[in-house]
Structure formats: structure tokens, C-alpha cells
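Q: Our numbering puts the sequence shown at residues 9 to 765. Sharing a structure here in C-alpha cells format.
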Amino acid sequence: MSLWKRISSHADCEQRMAAYYNKKGLYDLRLCLAPWIEDRIMSEQITPNSTDQLEQVARRFNEDLQQKLLSTRASDQALKYRLVELCALIQRTPALELYTHLRSGLQKELQLATEKSVAVAAAGQSMPQNHYNMNNPVGMNGSYMDTTDLFGVPGSGASSVNVNMSTGVMHNAPGNVTPALMGMVPAKVELYDVHHRIVQGLNDFSVCSEKLQMFKRTFTYIYNSNNTPDAEVYKRLIEDKAAIVLGLRRSYMYYDGLQDLVTTELNNWRRQQALAGNGAQFSENTLDDIQRCFELLETFVTHLLAAVLEALSLQKDDSDLTTLREQVQVAQKNLVCSAFIVDKQPPQVMKTNTRFAASVRWLLGSQLGIHINAPTVECIIMSGMSHLNIFESNTDFDHSTELQAQRFVTRGTHVDVTNSSLAGQSSGEIQNCSSTMEYQQSNQVFSASFRNMQLKKIKRAEKKGTESVMDEKFALFFYATATMNNYQIRVWTLSMPVVVIVHGNQEPQSWATITWDNAFADIVRDPFVVTDRVTWCQLSVALNTKFGSCTQRALTSENLEFLYEKLQRDSIAGERNEYISWNQFCKEPLPERTFTFWEWFFAIMKLTKDHLLSMWKAGRITGFINKVKAQDDLMRATTGIGTFLLRFSDSELGGVTIAYVNEGGLVTMLSPWTARDFQILNLADRIRDLEMLRCLHPTDINIQPLDRDLAFGDFYTQRPEPTPRVDGYVPSTIRVQVRTSGDTGSISGTPHHPMQS
């Protein structure tokens with residue numbers, strides 16, 4: 009639940025904050041973009057510690073805010089005019105003034121929410137929780153604001169709240185120091201704690217349920233009695249009924265908060281699953297703990313719905329109970345449908361006519377008894393447009409907004425999908441696209457495995473501008489219909505985005521699309537929308553994760569700084585541009601090159617994995633260093649002539665070159681070797697053949713110079729002694745020889761490979 013929702017649930021808090029924001033005319037802005045403003049400011053990676061830094065952050069925020077307003081779709085004409093007015097207001101307001109006012113406002117909201125939480129907890133009342141996680145910047149203390157146990161449930165008594173504010177500070181302006189907003193980080197809620205709170209909620213609800221049974225017996229007795237009850241009895245009945253309705257509503261609010269929390273944990277799991285597509289560490293076992301929470305929630309909501317229906321049977325025209333029944337039914341449906349997920353993702357770069365596997369899991373199947381008559385899961389492949397067409401064709405869907413896809417895909421409204429709504433929406437033909445769900449008693453897993461699927465055909469959308477087939481995203485759409493107590497339950501889920509290729513040379517750009525999407529897309533989004541620019545801090549993490557998982561050695565800060573410099577274009581000398589665009593990443597060629605940054609990076613990653621892995625892991629390859637710095641480092645080396653290092657080529661895709669100090673005391677650069685060369689003779693053996701290479705220059709892992717044979721001896725291949733052949737042929741070997749002109753500078757041409765007897 010957003011911070012603003014917590015504030016607006018209390019009229020006095022909302023009035024105070026409305027007055028604060030209206031001082032600058034920003035109340036409507038706070039109202040219109042509440043979640044975005046909270047996410048954008050609270051997750052700011054950089055803590056401004058000077059006026060210049062704060063102004064830079066404020067300018068970026070101002071630009072992003074205007075872009076967000078311009079991209080916001082208005083549902084009516086009045087809202088459209090208001091958005092235009094807000095854009096004009098932002099342009100008139102100085103960026104620093106706007107940013108600091110909103111930032112201070114969020115801080116005030118947090119303080120109000122904390123005070124209100126303590127107050128209502130002491131009174132045993134209910135207040136919605138905030139499960140929003142703000143980033144805690146490096147260098148700040150790890151203190152947090154704990155907002156757990158803020159819901160009051162009949163019989164639960166007072167909840168306790170521990171508040172611990174961060175000691176970190178930030179400078180909003182010279183001489184004005186306020187507590188750091190980003191230091192106020194809610195405690196991470198562990199799943200075992202969530203599990204405990206659901207059990208506690210069920211126990212507390214049983215008290216309310218017992219009161220309902222007592223009320224029902226009293227009501228039935230009086231209703232069937234021949235005697236007319238006096239006014240005091242009627243008054244007590246009305247009071248008892250009001251208390252029960254209030255108790256049921258509080259129980260629902262408590263349940264709704266827990267469901268929101270568990271859904272958030274599931275989305276976090278899905279986010280980690282997406283990052284694992286880039287090579288990040290991922291613990292799939294967490295899903296078992298999430299399933300246990302889903303099962304308890306299902307028990308809770310089933311009992312709650314039964315109690316509401318029982319109370320409603322005593323007075324069918326009660327509007328409060330009718331509304332509550334509808335809310336509980338919607339919550340139950342959303343719980344059941346959101347528990348259907350893809351637990352084993354298909355390959356995200358998918359080649360036609362190639363077999364692949366995937367599996368889906370229902371976290372509630374055994375709880376509902378659906379496993380007794382297990383349903384069959386079907387699968388089709390869909391593009392983004394096909395996905396939206398399903399939303400538009402569904403008659404149960406709310407067309408009042410154009411953000412239906414976002415609400416549909418995540419928590420909240422889960423649209424019923426029927427075979428008729430899927431007709432004609434498939435973007436291709438998949439073989440072996442159905443599987444019956446199976447229940448494993450040993451681990452309570454209810455899932456369907458697709459072990460032998462194969463994409464035979466694909467239908468692509470028309471391309472616009474510079475779009476290519478490697479930019480187009482699809483997803484596998486899994487759906488099933490199950491029967492429970494004579495009711496049909498329709499569920500569906502989407503895989504992570506996939507790019508479909510028909511040839512291996514399409515793979516590098518396809519992985520650029522997938523890597524960017526996995527790293528920067530929100531779990532909650534329109535199909536398959538992702539930002540087109542990110543901060544270098546975000547991108548460096550993604551590149552390091554990808555390269556480290558592929559080559560089993562992480563990049564150093566020097567490596568990453570080199571990559572940052574390579575990505576920069578049209579930057580004023582000395583000025584750092586913190587944002588990197590999608591075009592810079594994989595569309596625009598590098599300066600004076602015919603290939604993009606991603607093509608260069610991907611080729612190096614592939615070369616390292618296929619041919620240099622053991623030497624890279626051992627720290628024998630410097631790798632990401634430019635030519636000028638390599639020359640400078642070697643010229644300053646104390647080991648002198650014969651000192652060398654290995655660096656990745658700037659000019660050739662997937663190339664590695666050797667720079668060494670020659671006999672004249674200058675630095676020589678050998679022409680790059682590529683995978684084609686290493687298929688003939690590996691890198692270590694090439695180094696062994698070059699006698700002018702004597703001492704390996706220190707790397708980030710080997711901080712001391714190493715003798716060449718000591719550094720690479722473990723990687724040499726044993727060359728057999730030549731033995732006479734009975735057929736009369738003379739054996740030969742391949743050795744590397746560098747032909748130079750006096751060895752006084754850089755040489756041209758490819759290293760020579762003579763055949764020597």
C-alpha cells in the first residue's frame with residue numbers, strides 16, 4: 009500500500025498534507041502521481057551531500073516528472089486539461105524548489121504515518137500498513153522504521169510498534185540539515201513472520217466467529233419466540249450486530265493487508281526470477297514458503313466469506329454486509345488466480361524448431377482440492393499486441409482506463425480468459441503445448457511440466473523505423489480451467505518476455521533486448537513496456553551480473569569505469585552523464601566503429617567463456633583497459649623489457665591482444681586474436697611461443713608481477729615429442745612467430761603461424 013493511501017485513510021493527516029502541498033499548488037500533482045513520486049524520490053540511489061549535487065538530482069527529477077505527466081493518459085477531458093496545467097506549473101517552478109518541497113512532504117508524511125501507527129496501535133484500532141521498501145544508501149546506518157502489526161482485530165489486543173529513525177542526514181540546502189529521508193527504511197518482513205501473523209489473524213478471527221454464532225442463536229431464538237421482546241433486548245441485539253459487522257470488517261482489513269504483503273513477496277520472487285535470467289543468484293526454495301502463506305490465506309478468506317454470508321442470511325438487505333461480501337469474494341478470486349505462476353521459465357532467446365521446456369505451478373491447487381481432478385494447462389505464444397487484444401475483447405473488463413493491462417497482469421483484477429477470447433490471438437504455432445497438472449504428495453507441489461515444446465511458426469508485427477525482429481518481445485501464455493464445488497475457475501499466467509530468432513547471428517541483439525528487460529522492467533507494467541534510459545549505477549550492476557555469471561569472475565571498479573567511458577557519447581570533457589539510453593547501449597555504433605557497445609561487450613563475453621575462461625578466472629587477463637592506459641602502465645613497470653599484459657581489443661569484435669615492452673623500451677601491440685585463432689592454438693600456447701614475453705604485469709587479482717611460465721604454465725598444453733611415422737610422413741607442429749621490423753613499435757598484420765618441422 010502506498011504511503012499516500014496510508015495518509016488519506018485519516019482525514020486529519022490528509023488535510024494537513026493537502027495544506028502543505030497547496031502552498032506550492034502541488035496537491036493535485038501529489039494526488040495524481042502518488043506511487044510514482046514515492047518510488048522516484050524514495051529509491052534515489054544518490055544521497056545529495058552538496059548544493060550542486062542536489063540541484064543536479066532536482067533537474068533530473070524535474071525532467072522525469074514532466075515526461076511522466078506527458079505520458080499519463082487522461083480518462084476524461086477535465087483531467088487532460090489539469091495535466092496540461094500541472095506541466096505548466098512544473099515549468100514555472102524552479103527545479104530545486106519543486107524537488108525539495110515534494111521531498112520534505114514525503115518526510116512529513118512518514119512522520120505522520122509513524123505517529124498515527126503508534127496511536128492506533130495503542131488504541132487497538134486498525135490502520136493500513138506500508139510495505140514500501142526504500143533503498144538505504146551505502147554509507148548510511150542501517151536503522152529503519154518498523155511498521156509491522158498495525159492492524160487491530162477483535163480479540164487481538166494492542167499491537168506494539170518499534171520505531172527507530174536513521175541517524176543519517178542529508179543537506180537540503182546550505183545550513184539546513186534534516187534527517188535523511190532515505191534512511192527511514194521499513195524493516196524487511198521475513199516470510200516466517202508473515203506466516204505467524206496469518207496464523208495469529210486466524211486465531212483472532214475465531215473469536216469474532218464465535219460471537220457471530222452466539223448472536224445467531226440469540227437472534228433465532230427471539231425471532232421464533234412467541235413473546236414480544238422489550239426495547240432493551242432489541243437495543244442489545246442492534247449493538248451486538250453492529251459490533252459483529254465491525255469485527256468482520258476489521259478482520260477483512262487485516263486479511264487484505266496480509267494478502268497485499270504476500271502478493272508483494274510473490275512479486276519480489278518474480279523480480280528475482282527475472283534478474284536470474286541475467287545470471288543473478290536466485291533461491292527458488294522461497295516459493296515453498298510463499299505457498300504456505302497462500303494456503304493459510306485461502307483458509308482465512310474462506311472462513312471469512314462463510315461468516316459474512318452467515319451474517320447476511322440473518323438480514324439480507326444490509327448494505328454494509330453486502331458490500332463486504334463483494335469485497336471478500338473479489339479478494340478470494342484474486343488470491344486464487346495470482347497463485348498460478350510460471351516457476352520454470354522457457355529460454356528467453358527462443359529459436360524456431362528447437363525443443364525447450366517450461367513449467368507452471370499453482371500455489372493453491374491442493375488447498376482447493378483441484379488436484380483430485382487435475383486440469384490440463386494449455387500454452388500459446390503471444391506478442392504484446394495480442395496480449396492487449398485479450399483485455400479489450402473481454403466483456404468483464406473495465407474500459408474506463410487505458411491502464412487495464414497493468415492492473416490485469418499483477419495484483420488486483422484478474423480477468424477471466426476463455427477459449428473464445430483467445431481465438432486468433434496466438435502469434436505462432438507450438439507443438440506439445442498442453443500438459444496435465446500433477447500433484448506431488450512429498451512436497452505438496454501442484455504443477456504442470458512442458459518438457460518437449462517446440463515453436464514451429466511465428467507471426468511478427470509490422471516493424472516501424474529502426475525496429476528489428478530482435479527487438480520484438482513475445483511471451484508464453486499458460487491458461488487452465490479447473491472445477492471446484494461445481495464452479496469453474498479460470499486461471500492464466502505469462503512467462504517472462506522471449507525473443508524469437510531463426511538464425512544464430514540474431515542472438516547477440518536478442519540478448520541485448522532480454523538483458524535490458526530483465527534488469528530494468530517492472531513486474532507491474534503494460535506488456536512489455538520498459539524504460540529507455542537508466543542510470544549508469546543501474547546498468548553497471550546489470551553488466552557485472554551478466555559478465556560475472558557467464559565468466560565466473562566479477563568485473564572490478566576499474567573495468568566498470570572503462571565500460572562507462574566507452575558508453576559515453578557527445579559528453580563535455582570532465583562532465584559525467586549519469587544516464588545511459590537504450591540506443592547508446594545497443595543501437596548506436598561506437599565512435600569510429602561499425603559495431604555497437606553491446607555487440608562488442610557480448611563478443612568479449614562469448615570469447616572469454618569459450619576460450620579464455622580458466623585464465624580469466626585466475627586473473628591472468630587484465631581485459632578491460634584502453635590502449636593509452638595499457639601503454640602508460642607498461643612504461644612505468646619496474647620489471648622493464650618483456651613485461652606484458654593482455655587486453656580486450658577495442659577495434660575488433662571478440663578479440664584479445666598482447667601489449668609488451670620491446671627491446672627498445674617502447675610498447676608493442678600485437679594484432680588481436682579471435683576465436684578463429686584459438687580454435688587452431690590456444691592463448692597460453694601462443695604466449696609460450698613468444699620468447700619476448702617474460703613477465704606478466706600485475707592485474708586486479710595478481711597484485712605482484714609474475715614470471716610468464718609461472719603465470720601460464722598450468723594452461724600450457726603438452727606437446728608430444730615428434731616420433732617417426734611408419735608411413736614416411738614427417739610430423740609438424742604449429743607455433744606462433746611475430747615478425748617485426750627491428751621490433752621498435754607497433755606492428756601490422758595478423759600474427760604469423762608457420763609450419764615448422
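The beta carbon of each residue, even a glycine, is placed where N, CA and C say it ideally should be. In this text, all values refer to a predicted model and were calculated from it rather than measured experimentally.
1. How long is the line joining the alpha carbons of R696 and T602, rounded to whole angstroms?
2. My output table needs one value for P145: the three-state DSSP class, helix, strand or coil.
3. Mind checking whether F486 and H379 have CB atoms under 8 Å apart?
4. Helix or strand or just coil, what does DSSP make of P516?
5. With a threshold of 6 Å on Cβ separation, who are the neighbours of G631 within its own chain once the five nearest residues in sequence on each side are excluded?
6. Just the Cα atoms here: how many angstroms apart are V507 and F605?
7. When you compare only the Cα positions, how much space is there between I15 and W277?
8. What does a CB cutoff of less than 6 Å around T647 pick up in its chain, not counting 5 residues either side in sequence?
9. Less than 7 Å between C-beta atoms, sequence neighbours within five positions excluded: which residues of the same chain meet that for Q335?
10. Closest to T6 by C-alpha separation, out of Q64, I49, H18 and G473, would be which residue?
11. Using CA atoms only, rank isn't needed, just tell me which of D479, L701, K76 and K481 is closest to L642.
12. Using the rule of at least 16 other Cβ atoms within 10 Å of the residue's Cβ for burial, across every protein chain shown, is H204 buried or exposed?
13. Would you list the one or two residues that DSSP bridges to M358?
14. Pairing CB atoms from the region 483-500 with CB atoms from the region 368-378, are three or more of them under 8 Å?
15. Mind checking which residues open and close the alpha helix (DSSP H) that includes D296?
16. Report all residues from its chain with a CB closer than 6 Å to the CB of S855; omit the five preceding and five following residues, and keep chain order.
17. Which residues does DSSP list as the beta-bridge partners of E386?
18. Candidates D715, K467, L256 and I349: which alpha carbon is nearest V298's?
19. Whose C-beta lies closer than 8 Å to the C-beta of I649 among residues of the same chain, with five residues either side of it excluded?
20. At which residues does the beta strand (DSSP E) containing R541 begin and terminate?
21. For S443, count neighbouring Cβ atoms within 10 angstroms of its own Cβ and tell me buried if that reaches 16, exposed if not.
22. At which residues does the alpha helix (DSSP H) containing D697 begin and terminate?
23. Give me the Cα-Cα distance between L691 and H619, rounded to the nearest whole angstrom.
24. Ordered along the chain, which non-local residues of its own chain (more than five positions away) have a Cβ less than 7 Å from that of A42?
25. Please confirm if the region 349-368 is in contact with the region 498-513, defined as three or more CB-CB distances below 8 Å between the two stretches.
26. Please go through the same chain and pick out, in chain order, the residues whose beta-carbon is closer than 7 Å to the beta-carbon of F610, but skip the five residues on each side of it.
27. Measuring straight from C-alpha to C-alpha, what distance separates G627 and Q289?
28. Given that a residue counts as buried once 16 or more other Cβ atoms are within 10 Å of its Cβ, and exposed if not, what is L254?
29. Leaving aside the five residues before and after T778 along the sequence, list all residues of the same chain whose C-beta is less than 7 Å from its C-beta, in chain order.
30. Under 8 Å between the Cβ atoms of L654 and I629?
31. Mind checking M461: buried by the 16 CB within 10 Å criterion, or exposed?
32. Among I688, T665 and D685, which has the Cα closest to the Cα of S679?
33. Per DSSP, G631 forms a beta bridge with which residues?
34. Can you give me the Cβ contacts of V202 inside the same chain, cut-off strictly under 8 Å, excluding the 5 residues immediately before and after it?
35. Which whole-angstrom value is the C-beta distance of L120 and L34, which I expect to be below 8 Å?
36. Could you spell out the range, first to last residue, of the beta strand (DSSP E) harbouring Y668?
A: Taking the structure as given:
1. 33 Å
2. With a pLDDT of only 31 at P145, under 50, the local geometry of the prediction cannot be trusted, and the value read off the model is given with reservation. If DSSP states are grouped into helix, strand and coil, P145 belongs with coil.
3. no
4. helix
5. F656
6. 20 Å
7. 28 Å
8. C703 and P713
9. Y260
10. The first residue shown for the chain is 9 and the last is 765, placing residue 6 beyond what the model contains.
11. L701
12. exposed
13. V508
14. yes
15. T294 to L322
16. With the chain represented from 9 up to 765, any question about residue 855 goes unanswered, as that position is not in the structure.
17. S442 and Y487
18. The sequence shown places Ile at residue 298, not Val. Checking every option, the nearest Cα to that of I298 belongs to I349.
19. V669, N670, E671, G673 and R702
20. R541 to T543
21. buried
22. L691 to D697
23. 8 Å
24. S10 and W12
25. yes
26. P516 and W519
27. 22 Å
28. exposed
29. What the structure shows of the chain is the stretch from 9 to 765, and residue 778 is not part of that stretch, so it cannot be assessed.
30. yes
31. buried
32. T665
33. R655
34. L266, L269, V270, E273 and C301
35. The Cβ separation is near 17 Å, so there is no contact.
36. V664 to V669
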